[in-house]
Amino acid sequence: MQCEDCAYYEYDEDYEEYFCSVDMDEDDYLRMIGESRSSCPYYRNGDEYKVVRHQI
Numbered sequence: 015m016q017c018e019d020c021a022y023y024e025y026d027e028d029y030e031e032y033f034c035s036v037d038m039d040e041d042d043y044l045r046m047i048g049e050s051r052s053s054c055p056y057y058r059n060g061d062e063y064k065v066v067r068h069q070i
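Structure follows, in structure tokens:
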């Protein structure tokens with residue numbers, strides 16, 4: 015899982031950069047960066063056609 019594939023990875027035209035748009039508070043953020051897991055607990059596949067390709 016990579017941020018570039020995540021549904022929460024959005025482009026901000028004002029800052030001209032990508033950011034994570036997950037609505038989390040400071041405690042959630044500290045918990046996420048403090049854990050030694052390799053994947054993000056908020057990751058959601060942004061490929062809306064994945065299900066359709068699977069059915070073909």
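Position in the sequence shown counted from 1, then plus 14, gives you our numbering. Don't be surprised by glycine CBs; every beta carbon is placed ideally from N, CA and C.
Comparing alpha carbon positions, the residue from 21, 50, 52 closest to residue 33 is 21. Straight-line measurement puts the Cα of residue 30 at about 20 angstroms from the Cα of residue 37.
Residue 23 carries a strand assignment under DSSP once its states are collapsed to helix, strand and coil. For residue 43, the enclosing alpha helix (DSSP H) stretches over residues 40-48.
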